[in-house]
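So that you can map any letter, position 147 of the sequence shown is 147 in the UniProt record's numbering, and since no number is skipped, the others follow by simple counting. Where is the CB? At the ideal position from N, CA and C, for every residue including glycine.
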Amino acid sequence: MQVWDGISDARLTFSASEIGLERPQEGMARLTENLNLQRGLLRHLEKLPEVQLIDKTKVQSIIRDTEERGGWPLVHLDNGRVLRARLLVGADGFNSPVRSYAQISSFGWSYDTQGIVATMVHPPRGAFQGPNTTCYQRFLPTGPIAFLPLSPTVSSLVWSTRPHIASALTASDPDVFASMINAAFRLPELSLRYLYNRIIEAQANGTPLTHAEIQQEILWREQSHSIDHNSAYASAVIQPNADVGVPAADSESLPPLVTSLQPGTVATFPLRFNHTDSYIGEGQGSRTVLVGDAAHTVHPLAGQGLNLGIADVECLARCIDDALQKGGDVGSYTALLPYAQERYLENHTLMSAIDKLHKLYTSTLEPVVWARSVGVEVLNEFDSIKAALMMTAGARDHKLNNAAAGWNMAAKGVEGLAAGVNAAKLLSGGIGGMIGMGL
């Protein structure tokens, strides 16, 4: 994975080989389309006869049973059926009916940002390049743009930007949108602002820009920034045989050029931060528990939303299993408390870090840009810290090849300290000593 600052170009790189994963199938994380996740889950449920799947049915209401009958939640379906639940799990998204029934309050805020997703088509990597197994993310002041590989010729887009920019981009011709995706990974931020304004003004005047017009605009901006047309940073003219021959020296620093978007895959959604005050219902809302987006919603810049939900489910399953093994009541507060104790703080810590990261990278103030760039350059030298981040963010339990690998990471961390201080000295005469003393 390669992550860089859209203003200073300070770059942070992650490689699976740094945590002892050499083979391609042992990547630090795996990107899977939602349809495939659903298909795999349904196939697994078919092997579990004790699980009954009810589909094509809506929940009309959730009410509490009488105290004489235990006060269990009663789920009324639109087919007239009523489900009486010993434990009601709310895995029903941000606008959770289960959370409303349990009267669990939440706190948070909406970001002035829209998320854009799409499936992108591009040429395969050339014979002298590595496979399409690298994620790219550029942090722009308007929000990060991410390129997430799915196959040799298909990748997923997650672009967070201002609502008016998102509306203009998604309303444009798909070829224009594809050209803007390429430019967003390559052009300086000043030129991107100009292109946003051109697209918005053209749409306001009723004459949207054509693909040829936006390509001409991009070409002019590239020339004004002295970008060589043979460089990987050039996107105005896509060479038909660009994957043949020796690639540009900087080709691995950027994703492949997008040639088109799969029809029907472009979508937008508002971004927000939201966390419930509790994961367990009490009193009138007892015998309920929340997981995933019903409990927490986070900015997608770190790609951790689904991972947090999966970790919730894994932990809750352990708590339920433990209660059953001990002959306890799976819906009781006592049985569910370990789940809340384990997951709430862990989720909130990561969510807060992501929120601060979003706010940090939306600033264009020179001192802030300088400080975050120094931090990235120093962090990039600490292999041990990066390894810890990879093993955590990938939501997979990585086992290093042997015990020596752990010592190697520790040694690299010490080497990284010296290299990091040297990098800081290059950026500022006095910061190196400060970092050294602090550490």
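query, result
"If you run the structure through DSSP and keep just helix, strand and coil, what is I104?", "coil"
"Just to confirm my understanding: we take I200, look at its own chain, exclude 5 residues before and 5 after, and list those with CB closer than 8 Å. What are they?", "H164, I165 and A168"
"Out of N95, I280, T268 and S363, state which residue places its alpha-carbon closest to the alpha-carbon of A335.", "I280"
"For the candidate residues I320, Y344, Q325 and S384, whose alpha-carbon lies nearest to that of L88?", "I320"
"Just the C-alpha distance for V368 and R69, rounded to the nearest angstrom, thanks.", "60 Å"
"With DSSP run on the structure shown, which of helix, strand or coil describes M390?", "helix"
"Among the residues of its own chain, which have a CB less than 7 Å from the CB of V313, if the five just before and after it don't count?", "V291"
"Contact between the stretch 97-109 and the stretch 265-278: three or more CB pairs below 8 Å?", "yes"
"Using a Cβ-Cβ cutoff of less than 7 Å, which residues in the same chain neighbour H348 once the five nearest sequence positions on both sides are dropped?", "H275"
"If I'm right that M351 touches M28 with Cβ under 8 Å, what's the distance once you round it to whole angstroms?", "Contact doesn't hold; Cβ gap of about 21 Å is too wide."
"Among P256, I214, E213 and A212, which has the Cα closest to the Cα of S231?", "P256"
"Got a sec? Which residues, its chain only, sit under 6 Å from F147 by beta carbon, not counting five neighbours each side?", "Y136, S155 and P255"
"Counting only the same chain and skipping the five closest in sequence on each side, list residues whose C-beta sits under 8 Å from that of A410.", "Caution is warranted here: a pLDDT of 43 is assigned to A410, below 50, making its placement in the model unreliable, and no coordinate value can be reported."
"Taking just the CA atoms, how far does D277 sit from E381?", "38 Å"
"Write down the C-beta distance between E217 and R198 rounded to the nearest angstrom, noting that I regard them as a contact closer than 8 Å.", "6 Å"
"For P124, I'd like the list of residues in its chain whose CB is within less than 6 Å of its CB, leaving aside the five on either flank, ordered along the chain.", "P152 and T153"
"Please state whether DSSP places Y233 in a helix, a strand or coil.", "coil"
"What does a CB cutoff of less than 6 Å around residue 499 pick up in its chain, not counting 5 residues either side in sequence?", "Outside the modelled stretch of the chain, which goes from 1 to 439, sits residue 499, for which no answer is possible."
"Go through its chain and collect everything with a Cβ distance to G71's Cβ below 7 Å, but skip five positions before and after it.", "R64, D65 and S286"
"Indicate the three-state DSSP secondary structure (helix, strand or coil) for M1 in the structure shown.", "coil"
"Considering Cα atoms alone, identify which of A387, P144 and L192 is closest to I354.", "P144"
"Tell me the residue span of the alpha helix (DSSP H) that contains H164.", "P163 to A171"
"Note down, one range per segment and in chain order, each alpha helix (DSSP H) of at least 4 residues found wholly within the stretch 126-198.", "163-171 and 174-184"
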